[in-house]
Amino acid sequence: MSHRHSLIMSFALLLVSLIAAAPAAAQRKGDWLPITPEDLSVKEVPGAPGAHAVILYRETLSDDVESFETNYYRIKILTEEGKKHGDVEIIYLKGRDDIKDIKARTIRPDGSVVEFDGRVFDKTVVKGRGIKVFAKAFSMPEVQVGGMIEYKFKVYRDTSRLYSPYWPLQDELFTRQAKFSFRPFLRGLYDIQWYSFNVPGGKAAKEQKGGLIGLEIENLPAFEEEEYMPPEREMRMRVEFVYTRNRGKNADEFWKNRGREIQEEVEDFIGRRGGIANAESRITAGAATPEEKLRKIYAHAQQMRNLSYERSRTEKEEKREKIKDNNNIEDVLKNGYGYRNQIARLFVGLARSAGFAAGIVRIAERDDHFFHKTLQDEYQLDAELAVVRVGSEDRFFDPGTPNCPFGLLAWQKTAVPGIKPDKDGGVFISTPVPGSQNALTERKASLRLTEDGTLQGKVEFIFSGLQAVRRRREAMEKDEAQHRKDMEDELKDRLPSNATVKVENVTGLTGTDPSLKVEYSMEIPGYAATTGRRLLVPTSVFHLGGQHPFLHAKRLYPIYFRYPSRDQDDITIELPAGYRIESLPQGRKIGSNVLSYEVVRENQGTKLRVRRNLILESFYFPTEYYPSLRRFYDEVRAGDEEQAVLRAVEAGTLK
């Protein structure tokens, strides 16, 4: 994940003196806004017909002088369904944000007030695609249709850091009026720049009195999430702020300067160190070819303890665990641990010692934001890859991602821009675009159907390439019980709701083997429908539980699948004694060189065999391609819903 909005500053004494001299931040006078007859009478808001609730007023003040942020919300409840917004969740970043001074009240339809005096508790919230965030949660009292809820809170942050604010202008509700303000810090030493994205024409943040930057805006549409959308941040109307030391520079000059800085930083860390040559000789001992040498070096880098994927520690915890700073790659080697970029640099240093031309590429990951060259924010480039000349080609490696196979990049590091730095600033390059063969999922099943329609047996899911790396990464954040449940859900979510699933064995969850294999046992009562002497059997076992990903006729945002992929199913179903296949749907084959689907069904006498392939060779589709994409998945769904008909046969006629 990006750390693009955290700028560490070593100015403790200057900070104290400037804060003491700084003018008081512009803040609201009094506790609450007045309750007006206009707000009480609102029954519907133009621009949001049929809305269950709307934000009448929202205000955010970000203050980098005193390291806090204030937020204020007034929400009108318009329908019974809208009352759910009385359950408030304040999302925050654990380890960075400290939520304080929460105050809330309910305003009844007659204008009388009920103060909130209940409990605020911490909870984990699951957002789209399984992303987990933290929230302060509480429930408002006496929420009524026609009434309002109102709450405010402060966010305190580390005073030794600058957190360039990011204003997500849209909320999940339509907003009638919003006000945003920002007081930056140290404008004499650092320049502050801001950039608007997707903001309606004519609206822009502007400098105001008292050193503030502000924006007032009305009638903001609700932000609507969609399945398979690009990172939410990219789709929202937003304003992003950046502290920069390159006052007056254009974007090309900025990134040239940044390339020189990266080169100096990386080469100082790698250096020419005698201990590395000795270690490389030991690591590559017995390697017969350059490729074997590189594989041994990569395997050694992967064995380093990767601090980037462990929970954050306090200074006291680091001292207790004797975690020391690494100042160079020899320290990484000696200590046996490092952060992901340090491990990538160690790999480069060892590769150079083995005779390879190797270097670092600083890239912009695409999991939670996309790179914008005009945005002069050095923290957009947030990860490092190794690039090594092997034979006549440059190859990319990702030693800083745990459990990532040799030659593979984590999905968020593929198809992204980055700087290949040098003393003159370097050049922008793009990392390779993965193919579907780099993200293979195989589902194999040996099943038996009983006369009462129950389907049971053994299943294997084999995840290869990017599919394995992603699941290994997710498992690192969980204990064994949690990731075992996740594996169970991998199958269960694809089956009818009455299915029972048990994970029997998992192999390849750690390490850099190309594949991760999960073995299951399963049972689905009533899988086949009984009609007299016949059984109606759905033929696509693993595609009955999921919902069509593109049900809606219209689409707001581009379609973003993260990476190309390939699914291969091979299912064998043993028929009940005394039954034979009476009819079997014909096979289907549709698609193009970008999307393709094929299903083949075979009558094998006492068995039914089904093979299904779904191939996705692209991962980003502009909105105008949505109708074609939707039609393709309509046909896939139709193929997956087809049934075989089994018929009970007299014993004497069985063959």
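First residue of the sequence shown: 37, per the working numbering; consecutive thereafter. Positions of the beta carbon are idealized from the N, C-alpha and C atoms, including for glycine. None of the values given here were measured: they were computed from a predicted structure.
Counted within 10 angstroms of its Cβ, other Cβ atoms place P201 as buried (16 or more) or exposed: Start at 1 with the first residue of the sequence shown, and residue 201 comes out as number 165. Under this definition P201 is a buried residue.
task: Report buried or exposed for I127, applying the criterion of at least 16 other Cβ atoms within 10 angstroms of its Cβ.
output: If you number the sequence shown from 1, residue 127 lands on position 91. So I127 counts as exposed.
query: Can you tell me whether F189 is buried or exposed, with buried defined as 16 or more other CB within 10 angstroms of its CB?
result: Indexing the sequence shown from 1 puts residue 189 at position 153. Counting of Cβ neighbours within 10 angstroms places F189 among the buried residues, the total reaching 16 or more.
- request: Between the Cα of Q378 and those of A390, D304, A315, W447, spot the shortest distance and give me the residue it belongs to.
  value: The residue you call residue 378 lines up with position 342 of the sequence shown. It is D304.
Same chain only: Cβ atoms within 7 Å of E678, ignoring 5 sequence neighbours per side: Start at 1 with the first residue of the sequence shown, and residue 678 comes out as number 642. Residues of the same chain with a CB within less than 7 Å of the CB of E678, apart from the 5 flanking positions on each side, are T575, P621 in chain order.
field: Within 7 Å, strictly: CB atoms of T659 and P594
entry: Along the sequence shown, one-based indexing puts residue 659 at 623. Along the sequence shown, one-based indexing puts residue 594 at 558. Contact: yes.
field: Cβ neighbours of A171 in the same chain (closer than 8 Å, five flanking residues each side left out)
entry: Here the question's residue 171 lines up with position 135 in the sequence shown. Excluding positions up to five away in sequence, the list reads E125, I126, I127, Y128, D158, K159, T160, V161.
task: Output the boundary residues of the alpha helix (DSSP H) element that contains D525.
output: The residue given as residue 525 occupies position 489 in the sequence shown. First-last of the alpha helix (DSSP H) with D525: 516-528.
query: Around the Cβ of G322, are there at least 16 other Cβ atoms within 10 angstroms (buried) or fewer (exposed)?
result: Locating residue 322 in the sequence shown gives position 286, counting from the first residue. It is exposed - the Cβ of G322 has fewer than 16 other Cβ atoms within 10 Å.
task: Please report how far the alpha carbon of F233 lies from the alpha carbon of L330, in whole angstroms.
output: Residue numbering aside, residue 233 sits at position 197 when the sequence shown is read from its first letter. Residue numbering aside, residue 330 sits at position 294 when the sequence shown is read from its first letter. In a straight line, the C-alpha of F233 is about 43 Å away from that of L330.
query: In the structure shown, what three-state DSSP assignment does N377 receive?
result: Residue 377 sits at position 341 when you count from the first residue of the sequence shown. Three-state DSSP puts N377 in a helix.
Beta-carbon contacts of A62 that lie in its chain and below 8 Å, excluding the five residues immediately before and after: For this step, residue 62 is matched to residue 26 along the sequence shown. For A62, the predicted model reports a pLDDT of 34, less than 50, meaning its position is unreliable and no value from the coordinates is stated.
task: For D146, collect the residues of the same chain with a Cβ closer than 6 Å to its Cβ; drop the 5 residues on either side in sequence, then sort them by chain order.
output: In the sequence shown, the residue the question calls residue 146 occupies position 110. Closer than 6 Å at the Cβ level, and outside the excluded window around D146, lies no residue.
field: For A565 and L682, the rounded distance between their alpha carbons
entry: Translated into positions along the sequence shown, residue 682 becomes position 646. Translated into positions along the sequence shown, residue 565 becomes position 529. Going from the Cα of L682 to the Cα of A565 covers about 10 Å.
Three-way DSSP call (helix, strand, coil) for Q416 in this model: Locating residue 416 in the sequence shown gives position 380, where the first residue counts as 1. Three-state DSSP puts Q416 in a helix.
Burial state of H584 (16 or more Cβ within 10 Å): Translated into the one-based positions of the sequence shown, residue 584 becomes position 548. In this structure H584 is exposed. Its beta-carbon is surrounded by fewer than 16 other beta-carbon atoms within 10 angstroms.
- request: Sort A393, F499, V191, D458 by Cα distance to R296 and report the nearest one.
  value: Working through the sequence shown from its first residue, we reach residue 296 at position 260. When only C-alpha atoms are compared, the closest one is D458.
query: If you count every other CB in all the chains shown that lies within 10 Å of the CB of S472, and 16 or more means buried, which is it?
result: The sequence position of residue 472 within the sequence shown is 436, counting from 1. Label assigned to S472: buried.
Straight-line gap, D701 to H121 (C-alpha atoms, nearest Å): Outside the modelled stretch of the chain, which goes from 37 to 691, sits residue 701, for which no answer is possible.
query: Does the beta-carbon distance from E610 to R484 come in below 7 Å?
result: Indexing the sequence shown from 1 puts residue 610 at position 574. Indexing the sequence shown from 1 puts residue 484 at position 448. Going by C-beta atoms, E610 is nearer than 7 Å to R484.
message: My output table needs one value for R132: the three-state DSSP class, helix, strand or coil.
response: To locate residue 132, count along the sequence shown from 1; it is residue 96. Here R132 sits in coil by DSSP.
query: How many Å lie between G83 and P257 at the Cα?
result: In the sequence shown, the residue the question calls residue 83 occupies position 47. In the sequence shown, the residue the question calls residue 257 occupies position 221. G83 and P257 have their alpha carbons spaced roughly 7 Å apart.
query: Any chance the segment 380-395 sits against the segment 415-435, with 3 or more Cβ pairs inside 8 Å?
result: Yes, the segment 380-395 is in contact with the segment 415-435.
query: Three-state secondary structure (DSSP) at E270?
result: Here residue 270 corresponds to residue number 234 of the sequence shown, with the count starting at 1. DSSP places E270 in helix when its eight states are reduced to three.
message: Output needed for K449: all residues of its chain with C-beta closer than 7 Å, excluding positions within five of it in sequence on either side, in chain order.
response: In the sequence shown, counting from the first residue as 1, residue 449 sits at position 413. Hits under 7 Å: I399, E401, A419, L421, D434, T467.
query: Near T437, what residues of its chain come up, given a Cβ to Cβ distance below 6 Å and the 5 sequence neighbours on each side ignored?
result: On the sequence shown, position 401 is the one that residue 437 refers to. Within the same chain, T437 has close Cβ partners A446.
field: Assumed close pair I113, T211 - CB separation to whole angstroms, cut-off 8 Å
entry: Counted from its first residue, the sequence shown places residue 113 at position 77. Counted from its first residue, the sequence shown places residue 211 at position 175. Rounded, the Cβ-Cβ distance is 15 Å, inconsistent with contact.
field: For E634 and I498, the rounded distance between their alpha carbons
entry: Walking along the sequence shown from the start, residue 498 turns up at place 462. Walking along the sequence shown from the start, residue 634 turns up at place 598. Approximately 20 Å, taken between the alpha carbons.
task: Can you say whether R294 is buried or exposed, counting buried as having 16 or more other CB atoms within 10 angstroms of its CB?
output: If you number the sequence shown from 1, residue 294 lands on position 258. Buried, since its Cβ has 16 or more Cβ neighbours within 10 Å.
query: Does the separation of the CB atoms of K239 and I253 fall below 7 Å?
result: For the purposes of this step, residue 239 is taken as residue 203 along the sequence shown, with counting starting at 1. For the purposes of this step, residue 253 is taken as residue 217 along the sequence shown, with counting starting at 1. For K239 and I253, yes; Cβs fall inside 7 Å.
message: My output table needs one value for V368: the three-state DSSP class, helix, strand or coil.
response: Counting from 1 along the sequence shown, the entry for residue 368 is found at position 332. Here DSSP, grouped into helix, strand and coil, assigns V368 to helix.
- prompt: Going by the CB atoms, is the gap between R667 and T608 shorter than 7 Å?
  reply: Taking the first residue of the sequence shown as 1, we reach residue 608 at position 572. Taking the first residue of the sequence shown as 1, we reach residue 667 at position 631. Not in contact: T608 and R667 (Cβ atoms no closer than 7 Å).
query: Pick from I71, R479, I465, P177: whose alpha carbon is nearest that of D649?
result: Against the sequence shown, residue 649 aligns to sequence position 613. For the record, residue 649 in the displayed sequence is Asn; it is not Asp. N649 has its Cα closest to that of R479, out of I71, R479, I465, P177.
message: Rounding to the nearest angstrom, what Cα-Cα distance links K292 and Y656 in this structure?
response: Numbered from its first residue, the sequence shown carries residue 292 at position 256. Numbered from its first residue, the sequence shown carries residue 656 at position 620. Distance between the alpha carbons of K292 and Y656: 29 Å.
- request: Please classify P326: does DSSP put it in a helix, a strand, or coil?
  value: What you label residue 326 is simply residue 290 of the sequence shown in a count that begins at 1. Here P326 sits in helix by DSSP.
message: Here's the rule I'm using: 16 or more other beta-carbon atoms within 10 Å means buried, otherwise exposed. How should N342 be labelled?
response: For the purposes of this step, residue 342 is taken as the residue at position 306 of the sequence shown. Its Cβ being crowded by 16 or more others within 10 Å, N342 is buried.
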